Ligand code: B12
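Residue numbers (my numbering): -4 to 237.
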């Protein structure tokens, strides 16, 4: 249930019943502090988000709880407002900056495993696509899960994935796409691995909001991950299958 007054106002922008149920559910498990983090993320208060996330971690909230019930829950409302033309690119960038301010406190915790890497993963957002929040979350969780990860950033060309696999002798490639127009570049990259005679050497996983298991199968990917936790699980499954 939403108790935070400002957040209640923000939730009014969520008018689709399915989204009300889904996003309302994200807030249901969060208390007032988590809702305060979400509200400050939506309104782009990056300093405040950083302070509140640090406070929550100091108060022994787990990094995963702060991520799910605070930051990701807030970003879900930003997504709805952006789609429905209530806010535009500059506001979304300001919220993305606030997300980053919060993630700066979370990353060291999720990445602190200290054990010998269980595998090497190359991660990148596909060509033409500049969205990196979800990819970065996956990278944090993969590192926390014991993988060594090389981040190719955004707008990654097929050849850059191939070069990175060769350079780091990686067994797994993870591609992220957030736009329906850039999703096909996952298939183009898989084809490039085939053309280079390297498809047998790597396992390829894909993800991003518009990507589905069906799409992943169509493109010839080895796995699809719905979220950052699933990404780690799929990477572990793929490592075991090698
Ligand atoms: C933030 C954002 C932006 C920011 C990006 C900032 C950044 N540094 O990333 C900015 C403002 C730059 C932006 C720009 C644009 N955006 Co935008 N953006 C969003 C927004 C609001 C949130 C995305 C996000 O970060 N979600 C939160 C993260 C945590 O979720 P996620 O990315 O899905 O990742 C999770 C999973 O998918 C999974 N995952 C992700 N990657 C991977 C990879 C692997 C291997 C695995 C296993 C799992 C996995 O795990 C993650 C963690 O749980 C979405 C709306 C939405 N709700 O998705 C629109 C959205 C993606 N954008 C959209 C659009 C249209 C654009 C623009 C074209 C707008 C414009 N007119 O300029 C540009 C395109 C720029 C480009 N070339 O890429 C549309 C896409 C529509 C479509 N059907 O293609 C969306 C859906 C908004 C909408 N509803 O209309 N955007």
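Positions of the beta carbon are idealized from the N, C-alpha and C atoms, including for glycine.
Here the structure is a predicted model, which is why all the values come from computation and not from measurement.
In the DSSP assignment, residue 170 falls within the unbroken beta strand (DSSP E) covering 167 to 171. With a cutoff of 7 Å, residue 180 does not count as near the ligand B12, since its C-beta is closer than that to no heavy atom of the ligand. The Cβ atoms of residue 72 and residue 37 lie closer than 8 Å to each other. Listed as beta-bridge partners of residue 214 by DSSP are no residues whatsoever. Contact check between the stretch 78 to 88 and the stretch 113 to 127: fewer than three CB pairs, one atom from each, fall below 8 Å, which does not count as touching. Residue 199 sits in a strand when the DSSP states are folded into three classes. Per DSSP, the unbroken alpha helix (DSSP H) holding residue 234 starts and ends at 223 to 236. Ranked by Cα distance from residue 130, the first of 54, 169, 93 is 169. Per the coordinates, the alpha-carbon of residue 9 lies some 11 Å from the alpha-carbon of residue 2. The alpha-carbon of residue 210 is positioned some 13 Å away from that of residue 177.
Its Cα nearest to that of residue 49, the residue 100 stands out among 142, 31, 100, 208.
Between residue 229 and residue 200, the gap from beta carbon to beta carbon is short of 8 Å.
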